[in-house]
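For the sequence shown, the residue numbers in the working numbering are 152 to 515.
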Amino acid sequence: HPLAERPLVDWDLILVMEPLTIAGALIGAFLNKVLPETFLVVMLVVLLSFTAYNTLKKAFKMYAIESRHLREEMGLRGDGTKESELTRMAHNSEGDDEEEAEDSLLDNVGDEEDEGFEDEEEMDEELKQILHEERDPPMMNIMVLVTMFVVVLFINIMKGGGAFPSPLGIKCGSVSFWVANGLMLGWIVIISIFARMYLVRRFEVKEKVGYQYVDGDIKWDGRATIVYPVICCLAGFFAGMFGVGGGIVKGPLMLAMGVHPAVSSASSACMILFTSFTATTSFIVFGLLVPDYAIICFVIGLLATLVGQIGLFYLMAKYKRNSYIAFSIGGVVLLSAFLMTIQSMVSMAEKAHTHSGGICGKDD
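Here it is in structure tokens:
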């Protein structure tokens, strides 16, 4: 983490947001099977265009703030002229007492002074325990997520689908088929309730002991643990319905939430592992996955991600600009919207067959 002694991936954020994201991906996969392809493409282009606009708008705003801070570090005025040493010292002394809320995404903002800690020894010990626990990845969060994922994957495979026969003999569209789907969603809701209770309780403890949040941290109070997971459920819904990675929606969402760009990038990538794999298994069950095409895309995506991560973090370290992450996310989403528009126009020109065969195939 760039501002605290803890992992870059925010596991609390993943714990509360990922379960409902997976639930949305499962529901979206059903709609992908029944809705016309033309409708799906049009809706996807609209979603990507809207997301790209908001992300790039945020990126330009961050870039302007960073530029102002870099000029202040070099002692330059807004018109490019250099300040005198006395003027610079005066500005620095005035600026030490207040920071704009939008500057919270920058690495070069100084650490806030610790204040508000309770004097009681018991609270101090509890605070030290929390800070000590945050230095390492929370194994409980990881185990809960992995357990949830394994159970969902197991039920998804056992129930089968239109193109994947169930090992238990469950027929697609039967009562047992829908009961299995209900069990999956019910299991996810249980995990979501547990995650919310855990984080709200942890938030109350932090408030009691005077825990100091760093820039970009989210306070998981009663409202935040409801609003953000519901939004993430919509992100997963679009991921499953359109067959895209949930990160295309969740990356910009985290930036809008005020999460530090580096933390947003790492946490979003981790969440994609769960969301995309869940959606992929649903597509395999419904017979919507083309194996050879999927292998090529997997290899290209893996290599491109590796190169992109290394290159982007190098540029961020060299130029001290976190806005590059926002620009990269917005640029990729905008490019996706453009290419999907071209692809849909080509499909319509060729009058490609876009009729859906239903959840269980053409004969259901």
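Don't be surprised by glycine CBs; every beta carbon is placed ideally from N, CA and C.
- Classified as exposed, A445 has fewer than 16 neighbouring CB atoms from the shown chains inside 10 Å of its CB.
- Of all alpha-carbon atoms in G337, A455, W162 and F489, the one lying nearest the alpha-carbon of P288 is that of W162.
- A distance below 6 Å between beta-carbons, with the five flanking residues on each side excluded, links K209 to the following residues of its chain, in chain order: L406 and A477.
- Distance from the CA atom of K184 to the CA atom of R352, rounded to whole angstroms, is 40 Å.
- Relative to H220, the option among F489, N473, V483 and L463 whose CA is nearest is N473.
- Inter-residue distance for P153 and L159 is about 8 Å (C-alpha atoms, whole angstroms).
- In this structure the region 186-204 does not touch the region 322-342; the number of beta carbon pairs closer than 8 Å is below three.
- About 5 Å separates the CB atoms of L166 and N292; that is less than 8 Å, so the two are in contact.
- In chain order, H152, L159, D161 and G367 place their CB closer than 7 Å to the CB of V414, counting only its own chain and leaving out the 5 sequence neighbours on each side.
- When rounded, the separation of the alpha-carbon atoms in G391 and A174 is 9 Å.
- Residues T206, S415, S416, S419 and I480 of the same chain have their beta carbon placed closer than 8 Å to that of G402, with the five preceding and five following residues left out of the count.
- 7 Å or more divides the Cβ of A155 from the Cβ of T429.
- If you draw a straight line from the Cα of R347 to the Cα of D275, it is about 25 Å long.
- Per the C-alpha coordinates, the member of V192, Y214 and C383 positioned closest to E169 is C383.
- In the three-state DSSP reduction, S317 falls in the coil class, being neither helix nor strand.
- Taken in chain order, the whole alpha helix (DSSP H) runs of length 4 or more contained in the region 401-463 are 412-436.
- When DSSP states are grouped into helix, strand and coil, N307 belongs to the helix group.
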